[in-house]
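Working notes, structure below.
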Amino acid sequence: ALTAATSGKSVTDRSAAEKQLDSALAPVLALGQNYPQLNSSNHFLDLQRNLAETEDKLAFARQYYNDAVATLNRQLTTIPWMFVA
Numbered sequence: 014a015l016t017a018a019t020s021g022k023s024v025t026d027r028s029a030a031e032k033q034l035d036s037a038l039a040p041v042l043a044l045g046q047n048y049p050q051l052n053s054s055n056h057f058l059d060l061q062r063n064l065a066e067t068e069d070k071l072a073f074a075r076q077y078y079n080d081a082v083a084t085l086n087r088q089l090t091t092i093p094w095m096f097v098a
């Protein structure tokens, strides 16, 4: 799932792969709730921290992409850019 998420050709492919990756990671993170001793493991805590940081970076990248597309779409409706596009 990770390979598909990083090598998808289109936004739709990558989105579908990310959903698969999220569903694959959900049971792993649920283990922390079912087995409290995992929460005292530095490796498991590092995994959770890294996943949270990665999710934050992805959210930032999505917002940046959406803002860039919105800006481009607004520019395409103005006179000089209408003729370029």
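One gets the working numbering by counting positions in the sequence shown from 1 and adding 13 to each.
No residue lacks a Cβ here, since even glycine has one placed at the ideal position from N, Cα and C.
None of these values were measured; they are calculated from a predicted model.
Rounded to whole angstroms, what's the CA-CA distance from residue i to residue j? Just pull it up for me.
{"i": "residue 60", "j": "residue 38", "result": "11 Å"}
{"i": "residue 56", "j": "residue 64", "result": "12 Å"}
{"i": "residue 79", "j": "residue 51", "result": "37 Å"}
{"i": "residue 32", "j": "residue 26", "result": "10 Å"}
{"i": "residue 92", "j": "residue 76", "result": "27 Å"}
Taking DSSP as the reference, what is the three-state secondary structure of residue i?
{"i": "residue 22", "result": "coil"}
{"i": "residue 89", "result": "coil"}
{"i": "residue 48", "result": "coil"}
{"i": "residue 54", "result": "coil"}
Got a sec? Which residues, its chain only, sit under 6 Å from residue i by beta carbon, not counting five neighbours each side?
{"i": "residue 72", "result": "none"}
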